[in-house]
Amino acid sequence: MQHYQIAVVVGSLRKDSLNHQLAQAIIRLAPSNFSFKLLQIGDLPLYNQDDDAHQAESVIRLKQDIAASQGLLFVTPEYNRSIPGVLKNAIDHASRPYGHNAWAGKPTGVLGVSVGAIGTALAQQHLRNILAYLDAPTMDQPEAFIQAKPGLLDAHGNIGADSLEFLQGWMDHFVAWVQKQSSTITTMASR
Ligand code: FNR
136 MQHYQIAVVV
146 GSLRKDSLNH
156 QLAQAIIRLA
166 PSNFSFKLLQ
176 IGDLPLYNQD
186 DDAHQAESVI
196 RLKQDIAASQ
206 GLLFVTPEYN
216 RSIPGVLKNA
226 IDHASRPYGH
236 NAWAGKPTGV
246 LGVSVGAIGT
256 ALAQQHLRNI
266 LAYLDAPTMD
276 QPEAFIQAKP
286 GLLDAHGNIG
296 ADSLEFLQGW
306 MDHFVAWVQK
316 QSSTITTMAS
326 R
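Below, the structure is given as structure tokens:
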């Protein structure tokens, strides 16, 4: 059975981040031929185009981790109706230098949880715009706009009973979609 490595990008650096907890919980719903690597973005310098010719070690590591993956999973909070600056900083770093965009062609899932009622909908929409420009195809449906409520996660950090069917369905779609996209990319590459 083919193995897929998914790079996970969490848009919050907070120790008790709900998005980090959601990311940890949802990846447990994937089949055994999928593995997930959480990308480190908290130690990246602020993006400065002057550094494109000599990227920092942390940036090179980020780009290598993306290159080694067959898909991406973004799990992000919404900050002021958009994505957090730390996430945009990471996206900008890995998109450069010009012509060496690490995100291109990676099948991508977008998720997020917030305390607000719209459950990161605007952040996700902004993120989808950015990813479209970067040529990373995003799974359109199902969308998952998750509001943090008691019971979202159980005492063991697993998805709680009320959300399990929906989020298992989300993961099943994501797995099928990554596999389909990967076979399309492989077919095109072999032509
Ligand atoms: C927020 N929060 C927030 N929530 C939301 O639904 N829409 C928003 O626009 C914002 N804006 C915002 C800005 C800033 C600077 C902060 C710190 C917070 C609240 C946010 O949903 C909440 O803090 C989440 O818990 C953040 O996610 P993590 O860190 O728990 O993953």
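In my numbering, the protein residues as written are 136 to 326.
Beta carbons: idealized from backbone N, C-alpha and C, even for Gly.
Per DSSP, the bridge partner or partners of residue i
{"i": "residue 153", "result": "Per DSSP, none; premise fails for residue 153."}
{"i": "residue 206", "result": "141"}
{"i": "residue 273", "result": "243"}
{"i": "residue 217", "result": "214"}
Contact set for residue i: own chain, Cβ-Cβ below 6 Å, skip 5 residues either direction
{"i": "residue 244", "result": "208, 274 and 309"}
{"i": "residue 170", "result": "140"}
{"i": "residue 249", "result": "212, 213 and 255"}
Beta strand (DSSP E) segment containing residue i, residue limits
{"i": "residue 249", "result": "243-249"}
{"i": "residue 179", "result": "Run containing residue 179: none; DSSP gives neither H nor E here."}
{"i": "residue 335", "result": "Beyond the ends of the chain as shown, which are 136 and 326, falls residue 335; an answer cannot be given."}
{"i": "residue 282", "result": "280-282"}
Cutoff 8 Å: residue i Cβ touching any chain B Cβ
{"i": "residue 275", "result": "In the structure shown, chain B does not exist; there is a single protein chain."}
Coarse secondary structure for residue i, derived from DSSP in three states
{"i": "residue 233", "result": "coil"}
{"i": "residue 162", "result": "helix"}
{"i": "residue 288", "result": "strand"}
{"i": "residue 294", "result": "strand"}
{"i": "residue 305", "result": "helix"}
{"i": "residue 148", "result": "coil"}
{"i": "residue 225", "result": "helix"}
Spatial neighbours of residue i in its chain, beta-carbon cut-off 7 Å, leaving aside the 5 residues before and after
{"i": "residue 159", "result": "292"}
{"i": "residue 288", "result": "156, 160, 294 and 295"}
{"i": "residue 297", "result": "286"}
{"i": "residue 218", "result": "146, 211, 258, 261 and 262"}
{"i": "residue 231", "result": "187"}
Residue i - containing alpha helix (DSSP H), residue span
{"i": "residue 265", "result": "256-268"}
Any non-hydrogen atom of the ligand GDP within 7 Å of residue i CB
{"i": "residue 177", "result": "Absence of the ligand GDP is noted for the structure shown, with the ligand FNR being the only ligands found."}
Contacting residues, own chain, Cβ-Cβ under 8 Å from residue i (five flanking each side not counted)
{"i": "residue 201", "result": "142, 174, 207, 229, 237, 238 and 241"}
Please list, following the chain, all residues that have a C-beta closer than 5 Å to any non-hydrogen atom of the ligand FNR. 147, 149, 152, 153, 154, 212, 213, 214, 215, 216, 249, 250 and 251
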